[in-house]
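Participant:
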Amino acid sequence: MTSTDKVSTRDRLLDAATELFYRDGVSIGVEALCRAAGVSKRSMYQLFTSKDEVLAASLERRAPEYWERLGPAPEDGRSARARVLHVFEQLELASAEEGFRGCPYLSALVELKDPEHPASVVALRVKGALTEAFREEARRGGAGDPELLARQLTLVFDGASARAGAGAETLAGLATTTAAALLDAAGVT
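Residue 293 in my numbering sits at position 179 of the sequence shown, and the numbers go up by one each step.
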C-alpha cells in the first residue's frame with residue numbers, strides 16, 4: 115500500500131466518522147464506520163488505535179471549518195459587538211439547514227461524559243476557543259467583566275445549539291437577540 119492509499123483511506127475514515135458521529139452519535143460501531151468509509155477494520159486499526167482515536171481525529175479535523183463557518187474573518191473590521199453577533203447569526207443560519215444536529219463538539223461532550231476521553235479533550239479545547247474568542251471581543255468592546263460575559267455567551271450558544279439540534283426550538287431571531295441583550299447589559303459596543 116502506498117502512502118497515497120493510506121492518506122485516501124484515512125480521509126475516507128475521517129469523512130465517514132464526521133458524518134456518522136454527527137448524524138447518529140458517538141455510539142456508532144467500528145463495523146458501521148468501516149462499512150460507510152469503504153475500508154476494512156484491519157485498515158482502520160493500521161491507521162488508528164481505536165474508534166475513540168478516530169472520533170478525536172475527526173473532531174480535530176473539523177475544527178478549522180467549524181470556526182470558519184461561525185466566526186468572522188480575522189481581518190473583519192467590524193465592532194466587537196458586530197463580531198459576536200455574527201457568530202450567533204451564523205448559528206441561526208446553520209440551525210435552519212436540513213440535518214442540523216447542534217454543535218458537534220457539545221454533542222460529543224454530552225454523549226461521552228468523560229473529560230479524559232480523547233474526543234472530549236478535543237471538544238473541550240474547541241469549545242474553550244469559542245469562549246476565548248467571546249472573551250477577547252468582550253474586552254475589545256469594553257465589557258466590565260469580559261470573563262463572565264464570555265461564559266454567558268457560550269452558555270447561550272450551547273443552549274441554543276442543543277435546543278435547535280434536538281428539534282425543540284427554531285433559532286431565527288432568538289439566539290442573536292438573546293446575545294444582543296447580554297452585550298447591551300455589559301455595555302459592549
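Even for Gly, the Cβ is constructed at its ideal location relative to N, Cα and C.
Can you tell me whether DSSP reads Gly-321 as helix, strand or coil?
Facilitator: This structure cannot settle anything about residue 321, because the visible part of the chain is limited to 115 through 303.
Participant: Taking buried to mean at least 16 other C-beta atoms within 10 Å of its own C-beta, is Ser-164 buried or exposed?
Facilitator: The residue is exposed, with fewer than 16 neighbouring Cβ atoms inside 10 Å.
Participant: For Pro-188 and Ala-294, I'd like the C-alpha separation in whole angstroms.
Facilitator: Approximately 21 Å, taken between the alpha carbons.
Participant: Is Glu-230 helix, strand or coil by DSSP?
Facilitator: Looking at Glu-230 - three-state DSSP - the assignment turns out to be coil, as it is neither helix nor strand.
Participant: Measuring only the C-alpha atoms, how far is Leu-169 from Ala-131?
Facilitator: Each residue's alpha carbon lies about 7 Å from the other.
Participant: How many angstroms separate the CA atom of Glu-167 from the CA atom of Val-140?
Facilitator: Going from the Cα of Glu-167 to the Cα of Val-140 covers about 12 Å.
Participant: Between the C-alpha atoms of Thr-291 and Ser-172, what's the straight-line distance to the nearest angstrom?
Facilitator: Taking the straight line joining both Cα atoms gives about 32 Å.
Participant: Counting C-beta neighbours from all protein chains within 10 Å, is the total for Arg-156 16 or more, i.e. buried, or is it exposed?
Facilitator: By the 10 Å Cβ count, Arg-156 comes out exposed.
Participant: Which of helix, strand or coil does DSSP assign to Thr-118?
Facilitator: With a pLDDT of only 45 at Thr-118, under 50, the local geometry of the prediction cannot be trusted, and the value read off the model is given with reservation. Helix.
Participant: Who are the near neighbours of Gly-301 in its chain, counting only those whose CB is closer than 7 Å to its CB and skipping five residues on each side?
Facilitator: Only Gly-256, Ala-257, Gly-258 meet the Cβ criterion.
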